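Visitor: Under this note's numbering, the first residue of the sequence shown carries the number 748, and numbering increases by one thereafter. We put the beta carbon where it would ideally sit given N, CA and C, even for glycine. As the structure is a computational prediction, the values presented were derived from the model and not from experiment.
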Amino acid sequence: MTDRLIIFDTTLRDGEQSPGASMTREEKLRIARQLEKLRVDVIEAGFPAASNGDFEAVRAVACAIRDSRVCGLARANEHDIRRAGEALREAAAGRIHTFIATSPIHMERKLRMQPDQVIEAAVKAVRLARGLSEDVEFSPEDAGRSEIDFLCRILEQVIAAGAGTINIPDTVGYTMPEQFGALIRTLRERISNADKVVWSVHCHNDLGLAVANSLSAVMNGARQVECTVNGLGERAGNASLEEIVMAVRTRRDFFPCDTGIDATQIVPASKLVSGITGFPVQPNKAIVGANAFAHESGIHQDGVLKSRETYEIMRAEDVGWSNNKLVLGKLSGRNAFRQRLKELGIELETEEALNAAFTRFKDLADKKSEIFDEDLMMLVQDEAVTQEREHFRLLSMMVHSETGETPTARVVLAEGEAERKAEAPGSGPVDATFRAIESMVGSGAELQLFSVNSITSGTDAQGEVTVRLKKDGRIVNGAGADTDIVVASAKAYLNALNKLHSKLERAHPQV
Ligand code: KIV
Ligand code: ZN
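1) Does the beta-carbon distance from R892 to I828 come in below 8 Å?
2) Out of V1233, L1075 and H1138, which has the shortest C-alpha to C-alpha gap to L1111?
3) On a Cα-Cα basis, can you pick out the residue from L858, T1155 and D756 that is closest to C950?
4) Are the beta-carbon atoms of A1183 and E1170 separated by less than 8 Å?
5) Look at A796 and K775 and say whether their C-beta atoms are less than 8 Å apart.
6) Return the residue from the list N1242, D1207 and D1229 that minimises the CA-CA distance to L1216.
7) Just the C-alpha distance for I790 and A1041, rounded to the nearest angstrom, thanks.
8) Does the region 804 to 812 come close enough to the region 1051 to 1070 that 3 or more CB-CB pairs lie under 8 Å?
9) According to DSSP, is L1095 helix, strand or coil?
10) Less than 8 Å between the beta carbons of F794 and R772, yes or no?
11) Measuring only the C-alpha atoms, how far is L930 from G1007?
12) Rounded to whole angstroms, what's the CA-CA distance from I913 to Q1048? Just pull it up for me.
13) Report yes if the C-beta of E791 is less than 7 Å from at least one heavy atom of the ligand ZN; otherwise report no.
14) Cβ of L956 versus every heavy atom of the ligand KIV: is any distance shorter than 7 Å?
15) So, using beta-carbon positions, are E884 and A910 closer together than 8 Å?
16) May I ask you to check if the CB of D756 is nearer than 7 Å to at least one heavy atom of the ligand KIV?
17) Which residue marks the beginning of the beta strand (DSSP E) containing H826, and which one marks its end?
18) Below 7 Å, is the gap between the Cβ of D801 and the nearest heavy atom of the ligand ZN?
19) Exposed or buried, I754, counting other C-beta atoms within 10 Å across all chains shown (16 or more means buried)?
20) Hey, how far is the Cα of G1080 from the Cα of F1105?
21) Would the C-beta of H1260 count as close to the ligand ZN, meaning under 7 Å from any of its heavy atoms?
22) Is the region 1151 to 1163 in contact with the region 1197 to 1209, if contact means three or more CB pairs nearer than 8 Å?
23) Which one of S1201, K1168, V1223 and F1197 has the shortest CA to CA distance from D1178?
24) Any heavy atom of the ligand KIV closer than 7 Å to the beta-carbon of L902?
25) May I ask you to verify whether the region 919 to 929 touches the region 868 to 888, counting CB pairs closer than 8 Å and requiring at least 3?
26) Can you say whether D1065 is buried or exposed, counting buried as having 16 or more other CB atoms within 10 angstroms of its CB?
27) Near E825, which residues of its chain fall below 7 Å by C-beta distance, leaving aside the five closest residues on each side in sequence?
28) Apply the 10 Å Cβ neighbour rule to N1031 and answer buried if 16 or more other Cβ atoms are within range, or exposed otherwise.
29) Determine the contact status of T1213 and A1226, defining contact as a CB-CB distance below 8 Å.
30) Between the Cα of V787 and the Cα atoms of V1127, L820 and L988, which residue gives the shortest distance?
31) Kindly indicate which three-state DSSP category C899 falls into: helix, strand or coil?
32) Identify whether C1004 lies in helix, strand or coil by the three-state DSSP scheme.
33) Grouping DSSP H, G and I as helix and E and B as strand, with all else coil, what is P887?
34) Determine whether the beta carbon atoms of A1239 and M1144 lie at a separation below 8 Å.
35) Once the 5 residues before and after H1255 are set aside, which same chain residues still bring their CB inside 8 Å of it?
36) Please state whether the Cβ-Cβ distance between C974 and N985 is less than 8 Å.
Below, the structure is given as structure tokens:
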């Protein structure tokens, strides 16, 4: 058996199914390029049949990415499979991933199909997909709650029909690690043609066991793990890429395999995904949380100073933490700026984009004497948002906040070509700002989440604000950054409104 563990990243597909995490084509492209840099083996770029936007996004990723395989998801029907094949036509290496539910509850209540009909649809889908792509993956959805005899029957037939990867999803995050590992072992032992395929797993985190279940499967012969950056995904999310990669790498004595991932790109990938989706990373999150390598207690600090290994099993720099290095200041020139971006793996496509980012850098350097890598990444991200020519843009604002007085905000914004102004009182400066914006825009959206994180340390740090809005059943996240957190809040609110404004009609893959 091979000692290579294939990393299949589904941040752009399952990750995008998190409420509010939907991404534009440009955002998907930026994440895909970072995943390629991370040396992910397979990038699942989306579900092409969901909408024209999804189709275009998968096609754009397939055209841009050369070093990773690009995959598109398709239900087991002709329309979905043909759309996936079409979206992947330009890929250097493509894969069609088709699936159908196999658990009694899904077959009876959702699909309303008999087990034999499900087998027939699966085999037909795999054959059709093989006609369009050399590389086909099949998933029996809700395998964790499916009957073993039925799983063996359907999987044997889809392997014979040409599937090269069999992916076992624990769709609802129900199984226990020992049980899930045993399921993989049993399938590999009982299915006569099991040795013809790569066995893969796809675990959800409803009971917090997605990583444990995936690793247990690896110990039982799985050689592909489907995962997402920061563990993003439906409901409680998917297995987190960074935890899987660093578990097998740190415990090479225990696991019989390793990945081809460039771990130094993990933290930049985490920050990019968090910035684009507006899903902050909890501080105590393994590997990528702000506290993952922070030692607070005196005993621990003393130990680490004497010998790092006393309390650290990984090195922060090996996963891409940059030590908050001071990189540039007010006097740094354009070349130094360009060079540092290059070192961070950020390539701005046009000279115009570089100039605009440099102007923003100079503005930031006027407000903040020390500029760190994190600031640069946020600045470039903010620049990309502006480049997308948003419908609502912040032109200027002023807030008044004084003890004993009602705070007020005056906001000037551009709505398309028109300039609009409004003033409103509020319980605090952020509340007043949102009220002023709403009095102009009248979205009526419900504010579901407001959070502020500081990007670096110090009181002059930039604040990164996330705003989640809900309207007519749609949930969107907006993000904004600034050294002034009230301005960052206004940017985040407008970013969310822009996402609501650009209507994305899409189907959900699992219905
Ligand atoms: O969770 C799941 O079952 C899925 C499949 C489409 C693989 O996401
Ligand atoms: Zn899933």
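Guide: Straight from the coordinates:
1) As a first step, residue 892 is located in the sequence shown; it is residue number 145 there, counting from the start. As a first step, residue 828 is located in the sequence shown; it is residue number 81 there, counting from the start. Result no, Cβ atoms of R892 and I828 do not sit closer than 8 Å.
2) Taking the sequence shown and counting its residues from 1, one reaches residue 1111 at position 364. L1111 has its Cα closest to that of L1075, out of V1233, L1075 and H1138.
3) Here residue 950 refers to the residue found at position 203 of the sequence shown. The residue with the shortest Cα to Cα distance from C950 is D756.
4) By 1-based counting over the sequence shown, the position of residue 1183 is 436. By 1-based counting over the sequence shown, the position of residue 1170 is 423. Yes, Cβ-Cβ distance for A1183 and E1170 is below 8 Å.
5) As a first step, residue 796 is located in the sequence shown; it is residue number 49 there, counting from the start. As a first step, residue 775 is located in the sequence shown; it is residue number 28 there, counting from the start. In this structure, K775 does not lie closer than 8 Å to A796 by Cβ.
6) Looking up residue 1216 in the sequence shown gives position 469. Of N1242, D1207 and D1229, the residue nearest in Cα terms is N1242.
7) Looking up residue 790 in the sequence shown gives position 43. Looking up residue 1041 in the sequence shown gives position 294. Those two C-alpha atoms are separated by around 32 Å.
8) No: the two stretches stay apart, fewer than three of their Cβ pairs being nearer than 8 Å.
9) Within the sequence shown, numbered from 1, the residue matching residue 1095 stands at position 348. Coil, per DSSP.
10) Here residue 794 refers to the residue found at position 47 when the sequence shown is read from its first residue. Here residue 772 refers to the residue found at position 25 when the sequence shown is read from its first residue. No, they are not a contact pair.
11) Working through the sequence shown from its first residue, we reach residue 930 at position 183. Working through the sequence shown from its first residue, we reach residue 1007 at position 260. One Cα belongs to L930, the other to G1007, and the distance between them is close to 26 Å.
12) Stepping through the sequence shown from its first residue, residue 913 is reached at position 166. Stepping through the sequence shown from its first residue, residue 1048 is reached at position 301. Rounded to the nearest angstrom, the gap between the Cα atoms of I913 and Q1048 is 46 Å.
13) One-based indexing of the sequence shown puts residue 791 at position 44. For E791, the shortest C-beta to heavy atom distance toward the ligand ZN is 7 Å or greater.
14) Walking along the sequence shown from the start, residue 956 turns up at place 209. A distance criterion of 7 Å places the beta-carbon of L956 beyond contact range of the ligand KIV, judged by its closest non-hydrogen atom.
15) Taking the first residue of the sequence shown as position 1, residue 884 is located at position 137. Taking the first residue of the sequence shown as position 1, residue 910 is located at position 163. With respect to A910, E884 sits close: the two C-beta atoms are nearer than 8 Å.
16) The residue labelled residue 756 in the question sits at position 9 within the sequence shown. No, the beta carbon of D756 sits no closer than 7 Å to any heavy atom of the ligand KIV.
17) Numbered from 1 along the sequence shown, position 79 holds the residue referred to as residue 826. Where H826 is concerned, there is no enclosing beta strand (DSSP E), although the alpha helix (DSSP H) it sits in stretches over E825 to A834.
18) Here residue 801 refers to the residue found at position 54 of the sequence shown. No, Cβ of D801 sits at least 7 Å from all heavy atoms of the ligand ZN.
19) In the sequence shown, residue 754 corresponds to position 7, counting from 1. When all chains shown are included, I754 counts as buried.
20) Against the sequence shown, residue 1080 aligns to sequence position 333. Against the sequence shown, residue 1105 aligns to sequence position 358. Each residue's CA atom was taken as its position, placing G1080 and F1105 some 9 Å apart.
21) With the chain covering 748 to 1258 only, the question about residue 1260 has no answer from this structure.
22) No: fewer than three Cβ pairs fall under 8 Å.
23) Numbered from its first residue, the sequence shown carries residue 1178 at position 431. Between D1178 and the set S1201, K1168, V1223 and F1197, the nearest pair of CA atoms involves F1197.
24) To locate residue 902, count along the sequence shown from 1; it is residue 155. Because no heavy atom of the ligand KIV lies under 7 Å away, the Cβ of L902 does not count as near it: no.
25) They do not touch, by the three-pair rule.
26) As a first step, residue 1065 must be located in the sequence shown, where it is residue number 318. Classification of D1065: exposed, given that the 10 Å Cβ count is below 16.
27) Working through the sequence shown from its first residue, we reach residue 825 at position 78. Apart from the 5 residues on each side of it in sequence, E825 sits with its Cβ closer than 7 Å to the Cβ of L875 in its chain, given in chain order.
28) Within the sequence shown, numbered from 1, the residue matching residue 1031 stands at position 284. With fewer than 16 Cβ atoms within 10 Å of its Cβ, N1031 is classed as exposed.
29) As a position in the sequence shown, residue 1213 is number 466, starting the count at 1. As a position in the sequence shown, residue 1226 is number 479, starting the count at 1. Yes, Cβ-Cβ distance for T1213 and A1226 is below 8 Å.
30) Reading the sequence shown from its first residue, position 40 is the one you call residue 787. The option with the nearest alpha carbon to V787 is L988.
31) For the purposes of this step, residue 899 is identified with residue 152 of the sequence shown, where counting begins at 1. Helix, per DSSP.
32) The residue labelled residue 1004 in the question sits at position 257 within the sequence shown. Collapsing the DSSP output to three states places C1004 in coil.
33) Translated into the one-based positions of the sequence shown, residue 887 becomes position 140. Looking at P887 - three-state DSSP - the assignment turns out to be strand.
34) Counted from its first residue, the sequence shown places residue 1239 at position 492. Counted from its first residue, the sequence shown places residue 1144 at position 397. No, the pair does not count as a contact, with Cβ atoms beyond the cut-off.
35) Walking along the sequence shown from the start, residue 1255 turns up at place 508. Cβ within range, chain order: Q764 and A797.
36) On the sequence shown, residue 974 is found 227 positions in, with the first residue counted as 1. On the sequence shown, residue 985 is found 238 positions in, with the first residue counted as 1. The beta carbons of C974 and N985 sit closer together than 8 Å.
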